[in-house]
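If you're matching them up, the sequences are chains A and B in order. All residue numbers for the first sequence refer to UniProt numbering, where the first residue is 1 and numbers rise by one. All residue numbers for the second sequence refer to UniProt numbering, where the first residue is 1 and numbers rise by one. These notes are about the structure you will find just below.
2 protein chains.
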Amino acid sequence: MATGRNHRPATRSRGIPEATVARLPLYLRALTALSERSVPTVSSEELAAAAGVNSAKLRKDFSYLGSYGTRGVGYDVEYLVYQISRELGLTQDWPVVIVGIGNLGAALANYGGFASRGFRVAALIDADPSMTGKQVAGMGVSHVDDLEEIIQVNGVSIGVITTPGGAAQQVCDRLVAAGVTSILNFAPTVLTVPEGVDVRKVDLSIELQILAFHEQRKAADELAGNGARVPTAARRRAARADEGPEGDIPAVMPA
Amino acid sequence: MATGRNHRPATRSRGIPEATVARLPLYLRALTALSERSVPTVSSEELAAAAGVNSAKLRKDFSYLGSYGTRGVGYDVEYLVYQISRELGLTQDWPVVIVGIGNLGAALANYGGFASRGFRVAALIDADPSMTGKQVAGMGVSHVDDLEEIIQVNGVSIGVITTPGGAAQQVCDRLVAAGVTSILNFAPTVLTVPEGVDVRKVDLSIELQILAFHEQRKAADELAGNGARVPTAARRRAARADEGPEGDIPAVMPA
DNA sequence: CAATCTTTGTGCACGCGTTCACAAAGGCAT
DNA sequence: ATGCCTTTGTGAACGCGTGCACAAAGATTG
Numbered sequence: 001m002a003t004g005r006n007h008r009p010a011t012r013s014r015g016i017p018e019a020t021v022a023r024l025p026l027y028l029r030a031l032t033a034l035s036e037r038s039v040p041t042v043s044s045e046e047l048a049a050a051a052g053v054n055s056a057k058l059r060k061d062f063s064y065l066g067s068y069g070t071r072g073v074g075y076d077v078e079y080l081v082y083q084i085s086r087e088l089g090l091t092q093d094w095p096v097v098i099v100g101i102g103n104l105g106a107a108l109a110n111y112g113g114f115a116s117r118g119f120r121v122a123a124l125i126d127a128d129p130s131m132t133g134k135q136v137a138g139m140g141v142s143h144v145d146d147l148e149e150i151i152q153v154n155g156v157s158i159g160v161i162t163t164p165g166g167a168a169q170q171v172c173d174r175l176v177a178a179g180v181t182s183i184l185n186f187a188p189t190v191l192t193v194p195e196g197v198d199v200r201k202v203d204l205s206i207e208l209q210i211l212a213f214h215e216q217r218k219a220a221d222e223l224a225g226n227g228a229r230v231p232t233a234a235r236r237r238a239a240r241a242d243e244g245p246e247g248d249i250p251a252v253m254p255a
Numbered sequence: 001m002a003t004g005r006n007h008r009p010a011t012r013s014r015g016i017p018e019a020t021v022a023r024l025p026l027y028l029r030a031l032t033a034l035s036e037r038s039v040p041t042v043s044s045e046e047l048a049a050a051a052g053v054n055s056a057k058l059r060k061d062f063s064y065l066g067s068y069g070t071r072g073v074g075y076d077v078e079y080l081v082y083q084i085s086r087e088l089g090l091t092q093d094w095p096v097v098i099v100g101i102g103n104l105g106a107a108l109a110n111y112g113g114f115a116s117r118g119f120r121v122a123a124l125i126d127a128d129p130s131m132t133g134k135q136v137a138g139m140g141v142s143h144v145d146d147l148e149e150i151i152q153v154n155g156v157s158i159g160v161i162t163t164p165g166g167a168a169q170q171v172c173d174r175l176v177a178a179g180v181t182s183i184l185n186f187a188p189t190v191l192t193v194p195e196g197v198d199v200r201k202v203d204l205s206i207e208l209q210i211l212a213f214h215e216q217r218k219a220a221d222e223l224a225g226n227g228a229r230v231p232t233a234a235r236r237r238a239a240r241a242d243e244g245p246e247g248d249i250p251a252v253m254p255a
């Protein structure tokens, strides 16, 4: 390698698949752990195992960032940590606001992993006047009336919504109007946002329902005689669930 | 969709695509809202709008469940609520345990949406002896020593892990050994589980990093002169970020 | 310097998921 | 009953993501 950096950006920053972007934080976490153990280099096979993915996938993912590996050796851990951090935008500081300081909002405010990597809680905001000024995670709670000013003064572009579902869209609209262009939504609501604003949602109840679906399927399989796969609590449930997924009558029939 | 292991022959779940399963809870939520407003029928177009998806996708999703619509009219709301609930396994009760009663675990225990739909918190478990017996969300905290017994007595097949990252795999192993076959993981760790166990992960820091990536890209676009799309805080950030994504020197160079 | 060994980077094929577009089906008015 | 109008259900095309398998590249050894 003659020069360490002679790649043209034309093909690069535009072409990273979304699926790859979603895995970069995973790689970064594994690499950080290696870095803390002062491991100098790592092969795609090892790193893939640590991140829980296929090694070919990992190599292809890295290939979108550039050719940062050395054949016959592997990847330089420190260098890769830096490259991925830079690609993810973690070399700069991202102030975020959390709106809705209930149980969940307070828990997130206290969450250490928040500040660890480029993210900084700029403000906690709540609509309840009795919350205003209270200390949560060593920080005063602001009233939602000041939302716009807080966003603008701090240059916040990422907002976290932990309000009840009913208030989420309203809060979202205000955040967006004030200049926020990325939203992490914990409220059980489908948010509507203008073009150019990114929303990611975290929904406990959806996750549980997906698990329940698979759990039910497993239980049905057990009942069907495909027993002895894993000694499970599901088997107990299966025995208890008399109505199979196909065996009962709808409570309500269509007209 | 996240198992810790490479091989994933699963996903042939009785013919319903995984992507569809993941959307069913969304439809169910929208339908429940309609049901509460006593709306008798709904078209795929309306429901799709409420759920934030494409109407053709919604119709195809429903087609995997059967032909529950009426051409020229739409879908019977109550009937569909029942069918989806049944498909997701929500007509039965799912006891869950939450392991790790810190800020997040306590917040989840208090979360109303938990019990709302088929899920019931059977126990709160923590490793800290000083937590044992304390009341959280109107429920006593159990010690982790009793984990296996709690799982078995209550027939728990779904576990929620809200421990620190370091303890997650250990807790996971014990849950699985005791019979749990579905795990919702909030700890920032890649869990390794045996075949037949489902893991879904919720990772705040990963979500934020993905948002940061897109945010950085937007800021770069703004700098490049594609201004005037949305009046954003990102523009302020873009102006402030002197080093563009291509313009600085790595802190660490490879050997 | 040449041979060997390790590991990357990627061409290729395959399968899943999404979307379009439309025929079939049912309701409704006349 | 007949024709019109609405909406479903789905065939087909397309694009994305994944994983295999291998050639190229560099390190290493004698």
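All residues carry an ideal CB built from backbone N, CA and C; glycine is no exception. Nothing here was measured: the structure is a model prediction, and the numbers come from that model.
Within the region 204 to 225 of chain A, the residues whose Cβ lies closer than 7 Å to some Cβ of chain B are Leu204, Ser205, Ile206, Glu207, Leu208, Gln209, Ile210, Leu211, Ala212, Phe213, His214, Glu215, Gln216, Arg217, Lys218, listed in chain order. Assigned with DSSP and collapsed to three states, Thr70/A falls in strand. Taking CB atoms only, Pro25/A has a neighbour in chain B less than 7 Å away.
By the neighbour-count criterion, in which a residue is buried when 16 or more other Cβ atoms sit within 10 angstroms of its Cβ, Ala177/A is exposed. DSSP links Phe119/A through a beta bridge to Trp94/A. Taken atom to atom, the span from the alpha-carbon of Ala48/A to that of Ile84/A is near 15 Å. Note that the C-beta distance between Leu184/B and Arg200/B is below 7 Å. Gly140/B is bridged by DSSP to Gln135/B. Annotation for Asp76/A: Thr41 place their beta carbon closer than 6 Å to its own, counting only its chain and skipping 5 residues before and after. At least one C-beta of chain B is nearer than 7 Å to the C-beta of Val21/A. Per DSSP, Gly166/B is one residue of the alpha helix (DSSP H) stretching across 165 to 178. Shown in chain order are the members of the region 51 to 71 of chain B whose Cβ falls below 8 Å from a Cβ of chain A: Ala51, Gly52, Tyr68, Thr70. In the same chain as Arg117/B, and ignoring 5 residues on each side of it, the C-beta atoms closer than 7 Å to its own belong to Leu90, in chain order.
Along the region 178 to 192 of chain B, going in chain order, the ones with a CB nearer than 7 Å to a CB of chain A are Gly179, Val180, Thr181, Ser182, Leu184, Pro188, Val190. Among the residues facing chain B, Asp173/A is not included, as its CB has no counterpart in that chain under 7 Å away. Interface annotation, Ser35/A: not in contact with chain B, CB-CB separation never under 7 Å. Boundaries of the beta strand (DSSP E) harbouring Arg200/A: 198 to 201, taken from the DSSP string.
Scanning its chain for C-beta atoms nearer than 6 Å, with the 5 sequence neighbours on each side dropped, one finds around Asp198/A the residues Ser182, in chain order.
A residue is called buried when at least 16 other Cβ atoms come within 10 angstroms of its Cβ; Thr189/B meets this threshold and is buried. The contact set of Ile158/B on chain A, defined by CB atoms closer than 8 Å, consists of Leu208, Leu211, Ala212, Glu215 in chain order. Distance check between Leu28/A and each of His214/B, Ala220/B, Glu215/B, Gln209/B places Gln209/B closest, using alpha-carbon atoms only. Considering only Gly69/A, Ile158/A, Glu45/A, Val99/A, the residue with the shortest C-alpha distance to Ala127/A is Val99/A. Between Ile158/A and Val96/A, the CB-CB gap stays under 7 Å.
Minimum Cα-Cα distance from Ser142/B among the listed residues Leu80/B, Val136/B, Thr132/B corresponds to Thr132/B. DSSP, read as helix, strand or coil, puts Gly105/B in helix.
Close to Arg120/B, with beta-carbon spacing below 7 Å, lies no residue of chain A; the smallest spacing is near 11 Å.
Looking at the DSSP output, Ile125/A shares a beta bridge with Val99/A, Ser142/A. Ser44/B and Val153/B have their C-alpha atoms roughly 44 Å apart. Looking from the CA of Val193/B, the closest CA among Val39/B, Arg59/B, Ala168/B, Ala50/B belongs to Ala168/B. Annotation: Ser182/A is outside any alpha helix (DSSP H); the continuous beta strand (DSSP E) that includes it extends over 182 to 185. Against chain B, the CB of Gly100/A has no partner CB under 7 Å away; the residue lies outside that interface.
The continuous beta strand (DSSP E) containing Ile161/A extends over residues 158 to 161.
Relative to the Cα of Ile101/B, the nearest Cα in the group Glu148/B, Val160/B, Glu87/B belongs to Val160/B.
Membership of Leu191/A in any alpha helix (DSSP H) is not indicated, and neither H nor E is assigned to it by DSSP. By the beta-carbon neighbour count (other beta carbons within 10 angstroms, threshold 16), Val81/B is buried. The C-beta distance from Ala30/A to Ala50/A rounds to 4 Å, short enough to fall under 8 Å.
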